[in-house]
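Note that numbering that gives the first Met the number 0 has the sequence shown beginning at 0, numbered continuously upward.
Glycine is no exception: its CB is placed at the ideal position from the N, C-alpha and C atoms.
Being a predicted model, the structure only gives us computed values, none of them experimental.
As structure tokens, the structure follows; a few thoughts come after it.
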Amino acid sequence: MIFRLSSWGKQSPNWRSGNLKRRKIHLILFMKFQQIAYGSPAYHKALLLRDVVLREPLGLALKDDDLSQEASQWHFGLFDGDYLIASVIAAPKSKELIQLRQMAVSGQFQGQGCGRKLVEMLEKNLRGKGFQKIILHARIQVFEFYSRLGYIPVGEPFVEVGIPHQRMQKTISQPRS
């Protein structure tokens, strides 16, 4: 699916007046949401993105992790042409329950609505597959992001990969009768 995302830049220098003024810059991206095949070139791009965004800031590397379970999980991405903007993994837990993992948005696209769009498109896809509830472990610094998307906290914060996380969940559809 291809869609248009509009966002507004934050600041741009106004050299004529000699100071910085807020100026809205309209950015239009044409992005494609698609499933990524395990082991494909796009999968390897997603590994690199996850490593840069999620692991390197913690002094960790994905190459040190056992990734064999990822063969049975679903991988999704937002692309601008061949460029991977954002990725996420969906790990089925049952016929109705799925866990989102390892969501990463390229640094230059963070704060522009790309993560929101990826989650919205993924929820629609998972709803179509019959899933009713999504669970995830949100890093504390992105707790508000998921809250704005309708995810609610479950239980107390906990530490995972050395940093605080919060379990969250969202019901995306009701049981079929």
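Legend entry - Boundaries (first-last residue) of the alpha helix (DSSP H) holding residue 143: Following the DSSP letters along the chain, one finds residue 143 inside the alpha helix (DSSP H) bounded by residues 142 to 147.
Inset, instruction - Look up residue 99 in the DSSP assignment and say whether it is helix, strand or coil. - result: strand
Legend entry - Residue interval of the alpha helix (DSSP H) (run including residue 37): Neither: residue 37 is in no alpha helix (DSSP H) and is coded neither H nor E.
Legend entry - From 163, 159 and 129, residue whose alpha carbon lies closest to that of residue 175: 129
Inset, instruction - Would you kindly check if the distance between the Cβ of residue 114 and the Cβ of residue 51 is under 9 angstroms? - result: No.
Legend entry - Pairwise C-alpha distance: residue 163 and residue 139: 6 angstroms
Legend entry - CB-CB length for residue 131 against residue 173, believed under 8 angstroms: About 7 angstroms separates the two Cβ atoms, so the contact holds.
Legend entry - Beta-carbon spacing of residue 97, residue 103 below 9 angstroms: no
Inset, instruction - Please determine if the region 148 to 155 and the region 56 to 74 are in contact, where contact requires at least 3 C-beta pairs separated by less than 8 angstroms. - result: no
Legend entry - Inter-residue Cα distance where the pair is residue 95 and residue 125: 10 angstroms
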